[in-house]
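Colleague: Mind having a look at this structure? Questions to follow.
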Amino acid sequence: MTGLSRESADQAVQFSVLGPVRVWRGGGELLLGPKQQRLILAVLLARAGRPVSMHEFIDLLWDGDPPSSATNAVHRYVGALRRLLEPDLPARSPGRWLARQAGGYLLRADAGCLDLLNFRSLVDQARQADAAGDPTGAVELFTTALGLWQGRCAADLEPVSASHPAFVMLEHEYVSVACAAADTALRCRRAEAVLLPLRQAVERHPLDEALLARLLLALASNGKQAEALALYEEIRQRLAGQLSLDPGAELRAAHERILLHRFDTGTPAETEEDAGTAAYGPPAPAGSGPSPAPSVRTARPAQLPPGLPGFTGRKDALAQARALAARGGGALRLLAVDGIPGIGKTALAVHFAHQVARDFPDGQLYADLRGFAPDGKPADPTDILQGFLDALGVAPRRIPAATGTRSALYRSVLADRRVLVVLDNARDLAQIRPLLPGTGTCMVIVTSRSRLTALAAAHGAHLLTLDVPSTAEATTTFLERVRTSRPDATPEEIRPLVERCGRLPLAVAIVAARAAAYPERTLQDIGLELSAGDHSLDGFTDDNLDNDVRGVFSWSYRTLGPQAAHLFRLLPLHPGPDVTAAALASMAGIPPQEAVQAVGELVRARLLSVRARDRYRAHDLILAYAAELAVQHERDRPAARSRMYGHHRQTTHTANLVLRPGPRPAAHAAPLPSVTPEPLADTAAATAWYTREGPVLRSVGETAAAHGNSRTAWKPGSCGGASSAWDGGTTGPPPCVPPWERRARPTTWRAWRGPATAWPAPCAASVTCPVRCATWNTHVTASDNWRATTDLAHVLRNTGVVYNAQEDHARALRHMESALDLLSGPEPRHPKAATPADTAMTRVELGGPEESLRFARTAVCSATCVTPGDVAGARRARTDALRGLADPDVPLAAQAGEKLARLDTGKEQRGAASVI
-16 MTGLSRESAD QAVQFSVLGP VRVWRGGGEL LLGPKQQRLI LAVLLARAGR
34 PVSMHEFIDL LWDGDPPSSA TNAVHRYVGA LRRLLEPDLP ARSPGRWLAR
84 QAGGYLLRAD AGCLDLLNFR SLVDQARQAD AAGDPTGAVE LFTTALGLWQ
134 GRCAADLEPV SASHPAFVML EHEYVSVACA AADTALRCRR AEAVLLPLRQ
184 AVERHPLDEA LLARLLLALA SNGKQAEALA LYEEIRQRLA GQLSLDPGAE
234 LRAAHERILL HRFDTGTPAE TEEDAGTAAY GPPAPAGSGP SPAPSVRTAR
284 PAQLPPGLPG FTGRKDALAQ ARALAARGGG ALRLLAVDGI PGIGKTALAV
334 HFAHQVARDF PDGQLYADLR GFAPDGKPAD PTDILQGFLD ALGVAPRRIP
384 AATGTRSALY RSVLADRRVL VVLDNARDLA QIRPLLPGTG TCMVIVTSRS
434 RLTALAAAHG AHLLTLDVPS TAEATTTFLE RVRTSRPDAT PEEIRPLVER
484 CGRLPLAVAI VAARAAAYPE RTLQDIGLEL SAGDHSLDGF TDDNLDNDVR
534 GVFSWSYRTL GPQAAHLFRL LPLHPGPDVT AAALASMAGI PPQEAVQAVG
584 ELVRARLLSV RARDRYRAHD LILAYAAELA VQHERDRPAA RSRMYGHHRQ
634 TTHTANLVLR PGPRPAAHAA PLPSVTPEPL ADTAAATAWY TREGPVLRSV
684 GETAAAHGNS RTAWKPGSCG GASSAWDGGT TGPPPCVPPW ERRARPTTWR
734 AWRGPATAWP APCAASVTCP VRCATWNTHV TASDNWRATT DLAHVLRNTG
784 VVYNAQEDHA RALRHMESAL DLLSGPEPRH PKAATPADTA MTRVELGGPE
834 ESLRFARTAV CSATCVTPGD VAGARRARTD ALRGLADPDV PLAAQAGEKL
884 ARLDTGKEQR GAASVI
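So the sequence shown is numbered by the working numbering: it starts at -16 and just counts up by one.
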């Protein structure tokens, strides 16, 4: 071992992973415990200061079949290792060595206490010495570094260590350094210095032709040509017997050079036309000396696609990306950009990649992972690795077949290189993970429609979600695209087109391209063309585009299961600005839990966006696409719409009952089959539901009116009471009438225009005249045979309750008296019980006790007329009625209370009226 930790000698801890996993403290070797505990320590050492995710630990220990207690087991093993390394560590203290990071753990170590980091430090020094013109010194450093290896990495933990990527990657790194040491020794005629490490490397990798070729040349250069030729023949026979193969280009080239006595210069492949078979490995650090001639070791791929001309906006997103690129430290810089289809993820990623490309002089790699592709077939990361390794100069025959070992080789090649990797259109973490470099000198940009929270948890990715740009940004983008063909275009002309596109960048780009291609057509004509295709995507298609708006939406739609696809096609039926999973469950006629799962699938496919907790919305153009699909595939849309109305009507009714514990309004019809109203346990839940659903209820009412569903159009307002929206006017019905009621009753509206010409301005205070309300009720009754009178009375009474709460008792009284006038006929008695009671309370507040007693008598008498046998209903009605008599100065209150108590026996439902 070389070097000591910064601790005192008697407590110094040193780690070894280049061979069997071993640990010393204070000069004494520690017993590391069971195999699983040693595996955890081994992978932490192999990662050398980089975090290891919990997922990787579990996969390492249980190979894809973990128990339910796997996470707790990992924590226990880590805790045991902490106590082993630091026996005096206080309970629950993280200690010096093992730290939590990025959802996993890392081991804090340096070159003074970990042989792997010491090895890498010596290799870096060797390369710097070679680049500075001191190959002899470089050979000494190389051989010292190789001498640290005491066998295969984590040799005591085979067979796991022989196949796990973390350890396989280090073996590739070892082979690469052995080849580099041999090349340097051959150039300075110091072959004898590397013979031993080369023989040891060949013993561990007997079929690695790069190592074998260099061993042949080193033997010949050291005067052992006969041994070299005999070894070549032995290798040839072994390849033929075991693999049915002939020696490859490197071995043949080495053999030829031995025969020609040209073994002291160059690498084995330099006599072959295919120079691409030379050794791979990290280049010398930038600035360490003059760059060598281009070869595989200095291959600098430049694979970025061209940036978008005239890219504008996205200032905040670019600022976040630049901050991440400028971040120091040893962790991999990983940016994950997500958003709905067509939002401009690729454009942003490529634009930013070009901006920072100069900070990654060793190259830029790009791959379309086809996570959401027209054919629905994501790219295989194994194939992507093949292309990356080829671009980095690795000979095809040296690229292993298995994904894990190929990924390990990829990380080895990128070790200490500064390379930018762009992974576009990714599907999920499983597709991305093999393509991540293992070093902080690189940066990765990932785009995906899915929000890659798993990537953030496992690898510390910075998540960046793109929303639609502002109107100003989208307008500027449009202007940039048409500036050449339409130099006189103004933002005022462009803005309506941008809004018709929903500010979706892809739609804006398509319409702008059309405007630029046909300058003879006015922008107004193009706008009219888009408006003519309302609720259609025909205006955003182009025969020359393979990624028009409809196409890119379809790529996400094809990933959905049957339930989620069905739910998606029903989305346009819901008129609100957002929707809950419960409402979607009723609309689709499925259990709420199944709806939650389907909604999650839609969110992951980015066809729904999360607006708030359990509130979702979709972009207007996505809804247009869903509407197109619904026309083709959904035959029961009227039934789904009825279930949606039923859901909101029934939930509103439930909320009203919770918020009004006194006499209940007229009962609603039973829910339609498969409709599940939302449960509201208490007043807080009901109030919160009304607050959240206010805009939705207004939209539902207006849509119901437009479809001729008068009952549904009226009920949200009547049950919602004071939460209804007033939308009066100088020539309309009373402002207490909700706007959807106006649409639902056009005949009554026209009948009202005459007597309403003098109606005041639209505000709650303007409902002052019971005669006008009664007149409105006359027209309502004449045009409908259901409970419009009762419903309107509910609205007036609830408005009065609101004014009472605001201590505007005079205005409250006017509303309640209007409601009483409406209830003068033979209507159901529940509203009659509540309204006189509220009127009585209001009279008391205004100082009219005699008049309040009259209303209270009416309330109690009305309450006795509930359904026979409904003791609970009677009790609620009388309680509500007698609230106005709760003043201790009113002697009737005590008498009424005594009688009211008898209702519990169920025997005196009607006798209580005699109290008054």
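Cβ coordinates follow ideal geometry from the N, Cα and C atoms, glycine included.
Computed from a prediction, not measured in an experiment: that's the story for all the values here.
1) With distances taken Cα to Cα, identify the nearest neighbour of Arg5 among Ala138, Phe335, Val494 and Gly522.
2) Can you have a look at Pro470 and say buried or exposed, based on whether 16 or more other CB atoms are within 10 angstroms of its CB?
3) Kindly indicate which three-state DSSP category Phe536 falls into: helix, strand or coil?
4) Would you tell me roughly how many angstroms separate the C-alpha atoms of Ala860 and Val679, rounded to the nearest one?
5) Can you find the residues in the same chain that come closer than 6 Å, C-beta to C-beta, to Thr542, ignoring five residues on each side of it along the sequence?
6) Using three-state DSSP, classify Asn205 as helix, strand or coil.
7) Quick one: what does DSSP say Arg736 is sitting in, helix, strand or coil?
8) Nearest to Ala285 by CA position, among Gly684, Asp373 and Thr524, is which residue?
9) Under 8 Å: do the region 16 to 36 and the region 298 to 315 share three or more Cβ pairs, one atom per stretch?
10) How would you write the range of the alpha helix (DSSP H) that Leu642 sits in, first residue to last?
11) Report the CB separation of Leu585 from Leu642 in whole angstroms; it is logged as a contact under 8 Å.
12) Can you say whether Pro289 is buried or exposed, counting buried as having 16 or more other CB atoms within 10 angstroms of its CB?
13) Considering only the alpha carbon of each residue, which of Gly376, Asp71 and Thr167 lies closest to Gln111?
14) Below 8 Å on the Cβ atoms is my guess for Thr386 versus Ala409; work out the distance and round it to an integer in Å.
15) When you compare only the Cα positions, how much space is there between Gly272 and Ala121?
16) Could you tell me which residues DSSP puts in a beta bridge with Ser801?
17) Rounded to whole angstroms, what is the Cα-Cα separation between Gly544 and Leu553?
18) So Ala595 is in the beta strand (DSSP E); what residue range does that whole segment cover?
19) By the three-class DSSP mapping on this structure, what secondary structure does Gln133 have?
20) Going by C-alpha distance, which of Leu368, Arg8 and Arg219 is nearest Leu352?
21) Three or more beta-carbon pairs under 8 Å between the region 81 to 94 and the region 166 to 183, yes or no?
22) For Ala350, which beta-bridge partners are listed by DSSP?
23) Does the region 424 to 438 come within contact of the region 397 to 409, defined as at least 3 CB pairs closer than 8 Å?
24) Can you check whether the CB of Val491 is closer than 8 Å to the CB of Ala457?
25) Can you name the start and end residues of the alpha helix (DSSP H) that Phe343 belongs to?
26) Under 8 Å by Cβ, that's how I've got Pro118 and Cys171 pegged, so tell me the actual separation to the nearest angstrom.
27) Taking the C-alpha atoms as reference points, what is the distance between Ser657 and Pro621?
28) Check each candidate in Arg135, Arg103 and Ala94 and name the one with the smallest Cα separation from Thr126.
29) Kindly identify the DSSP beta-bridge partner or partners of Gly84.
30) Can you say whether Gln615 is buried or exposed, counting buried as having 16 or more other CB atoms within 10 angstroms of its CB?
31) Along the alpha helix (DSSP H) that carries Thr388, what are the first and last residues, could you check?
32) Is Gln(-3) helix, strand or coil by DSSP?
33) Taking DSSP's pairing of strands, which residues face His928 in a bridge?
34) Looking at the structure shown, is Val429 part of a helix, part of a strand, or coil, going by DSSP?
35) If I measure Cβ to Cβ from Arg341 and keep anything under 6 Å in the same chain, skipping five residues before and after, which residues do I get?
36) Under the DSSP definition of a beta bridge, which residues are partnered with Val562?
Modeller: Well, looking at it:
1) Across the set Ala138, Phe335, Val494 and Gly522, the C-alpha of Ala138 shows the shortest separation from the C-alpha of Arg5.
2) Exposed, since its Cβ has fewer than 16 Cβ neighbours within 10 Å.
3) Correct three-state label for Phe536: helix.
4) Any answer about Ala860 is weak, because its pLDDT of 48 lies below 50 and its placement is not dependable; what the coordinates show is given next. Each residue's alpha carbon lies about 31 Å from the other.
5) Contacts found: Ala588.
6) In this structure, Asn205 counts as coil in the three-state DSSP scheme.
7) Confidence is the limiting factor: at Arg736 the pLDDT is only 32, short of 50, which leaves the residue's position unreliable and the question unanswerable from this model.
8) Cα-wise, what sits closest to Ala285 is Asp373.
9) When Cβ pairs closer than 8 Å are counted between the two stretches, the region 16 to 36 is seen to touch the region 298 to 315, the count reaching three or more.
10) From DSSP, the alpha helix (DSSP H) with Leu642 extends over Arg620 to Leu642.
11) That belief does not hold up - the Cβ atoms of Leu585 and Leu642 are roughly 32 Å apart, past 8 Å.
12) Exposed, because fewer than 16 other Cβ atoms sit within 10 Å of the Cβ of Pro289.
13) The shortest Cα separation from Gln111 among Gly376, Asp71 and Thr167 belongs to Thr167.
14) With 8 Å as the limit, Thr386 and Ala409 do not qualify as a contact, their Cβ atoms being about 16 Å apart.
15) In this prediction, Gly272 has a pLDDT of 38, which is less than 50 and means its spatial position is unreliable; nothing more can be read from the coordinates.
16) None; Ser801 has no bridge partner.
17) Spanning the two alpha carbons is a distance of roughly 15 Å.
18) Its beta strand (DSSP E) spans residues Ser592 to Ala595.
19) In the structure shown, Gln133 falls within a coil segment according to DSSP collapsed to helix, strand and coil.
20) A check of alpha carbon separations from Leu352 across Leu368, Arg8 and Arg219 identifies Leu368 as the nearest.
21) No, the region 81 to 94 does not touch the region 166 to 183.
22) As DSSP reads the structure, Ala350 sits in a beta bridge with Leu406.
23) Because the criterion of three Cβ pairs below 8 Å is met, the region 424 to 438 and the region 397 to 409 touch.
24) Yes, they are a contact pair.
25) Per DSSP, Phe343 belongs to no alpha helix (DSSP H) and is neither H nor E.
26) Separation of the CB atoms of Pro118 and Cys171 is rounded to 4 Å, and the pair is thereby assigned contact status at 8 Å.
27) The straight-line gap separating the alpha-carbon atoms of Ser657 and Pro621 is approximately 14 Å.
28) Nearest in C-alpha terms to Thr126, of all of Arg135, Arg103 and Ala94, is Arg103.
29) What sits at residue 84 in the sequence shown is Gln, not Gly. Note: Gln84 sits in a beta bridge opposite Gly87.
30) The residue is exposed, with fewer than 16 neighbouring Cβ atoms inside 10 Å.
31) The continuous alpha helix (DSSP H) containing Thr388 extends over residues Thr386 to Leu397.
32) Residue state, collapsed to three classes: strand.
33) Residue numbering for the chain in the displayed model covers -16 to 899; residue 928 lies beyond these limits and cannot be assessed.
34) Here Val429 sits in strand by DSSP.
35) Excluding positions up to five away in sequence, the list is empty.
36) Residue pairing for Val562: DSSP places it in a beta bridge opposite Tyr599.
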